[in-house]
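If you're matching positions, the sequence shown starts at 30 in our numbering and goes up one per residue. Beta carbons: idealized from backbone N, C-alpha and C, even for Gly. Predicted model, so just to flag it, every value in this text is computed and none were measured. Input: a single structure, listed below in structure tokens.
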Amino acid sequence: MSPRQMRIIYLSCEIELMYMEVPELYQKRVLVLGCGNILFGDDGFGVEVANCLNERYDLPSDVEVMDVGTGVRDILFNMVLMQGGPSKLIVVDAVDKGRRPGEVFKISLDEIPKNKVDDFSMHQMPSSNMLSELRDFCGVDVVVVACQVKRIPEEIETGLSEEVKKAIPLASELIVESLIKENG
């Protein structure tokens, strides 16, 4: 596809969005997206963190937490096209960066290779280019909260490893603390 064809598609999507009612989730100040595939072991980490945040915390009304599974790209694409929406985006995902299994850490967008489409995630985490575009051109504060996986099975196998399961409350607290700091 040529750059011109891509631009035409982009513009037609932009025009379509102009006439749509903006869903409530894009009207929130903060959007937390729990990414992952619960059918592949530790890859379901982000989904479980989203569930924990929704079930155990009384979050401010301007914060939306969503279990997006592996469908995060559509949400990010809409955010880029709208050039508005949340001022902060927190993406929660499982990664393999060679660290200690269950270790929770933040990843800077600048650390993610720009030349890969699927970047560092097991289930095709949103491309670093889309996250960078949200940060650089849309003014969104993008934070990636990650957990080092123990293993991702080749075939369907539900359930997190003990190490990653123990990281759920740690990641949840990290997110809640950052929201509290923001609100002063």
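Kindly identify the DSSP beta-bridge partner or partners of residue i.
{"i": "Asp125", "result": "Partner(s): none; Asp125 has no beta bridge."}
{"i": "Val109", "result": "Answer is none; Val109 lacks a bridge partner."}
{"i": "Cys167", "result": "The partner list for Cys167 (beta bridge, DSSP) is empty, contrary to what the question assumes."}
{"i": "Ala175", "result": "Asp122, Phe134"}
{"i": "Lys117", "result": "Val59, Asp170"}
{"i": "Gly98", "result": "Cys64"}
May I ask you to report which of helix, strand or coil DSSP gives residue i?
{"i": "Met154", "result": "Any reading at Met154 needs caution, since the residue's pLDDT is 48, under 50, leaving its predicted position unreliable; the model's value is listed next. Met154: coil per DSSP, three-state reduction."}
{"i": "Asp148", "result": "Confidence in Asp148 is poor, its pLDDT being 43 and thus under 50, which makes the residue's placement unreliable; the coordinate value appears in the next sentence. In the structure shown, Asp148 sits in coil (DSSP, three-state: anything other than H, G, I, E or B)."}
{"i": "Asp87", "result": "coil"}
{"i": "Glu93", "result": "strand"}
{"i": "Glu186", "result": "strand"}
{"i": "Ile204", "result": "helix"}
{"i": "Ile197", "result": "helix"}
{"i": "Ile181", "result": "coil"}
Which word fits residue i, buried or exposed, when buried means at least 16 other C-beta atoms lie within 10 angstroms of its C-beta?
{"i": "Gly63", "result": "buried"}
{"i": "Gly188", "result": "exposed"}
{"i": "Phe166", "result": "exposed"}
{"i": "Glu93", "result": "buried"}
{"i": "Asp103", "result": "exposed"}
{"i": "Pro115", "result": "buried"}
{"i": "Asp72", "result": "buried"}
{"i": "Gly70", "result": "buried"}
{"i": "Gln177", "result": "buried"}
{"i": "Glu183", "result": "exposed"}
{"i": "Gly127", "result": "exposed"}
{"i": "Ala200", "result": "buried"}
{"i": "Ile136", "result": "buried"}
{"i": "Asp139", "result": "exposed"}
{"i": "Ser157", "result": "buried"}
{"i": "Asp122", "result": "buried"}
{"i": "His152", "result": "Only weak support exists for where His152 lies, its pLDDT of 45 falling under 50; the coordinates are left without a value."}
Whole-angstrom Cβ separation of residue i and residue j, contact assumed at under 8 angstroms?
{"i": "Phe74", "j": "Val193", "result": "5 angstroms"}
{"i": "Val174", "j": "Lys117", "result": "Wrong, their Cβ atoms sit about 12 angstroms apart, outside the cutoff."}
{"i": "Leu105", "j": "Met159", "result": "5 angstroms"}
{"i": "Glu77", "j": "Ile197", "result": "5 angstroms"}
- Query: What are the complete beta strand (DSSP E) segments, minimum 3 residues, inside the segment 47-82?
  - Reply: If you keep only unbroken beta strand (DSSP E) runs of at least 3 residues inside the segment 47-82, you get 59-64.
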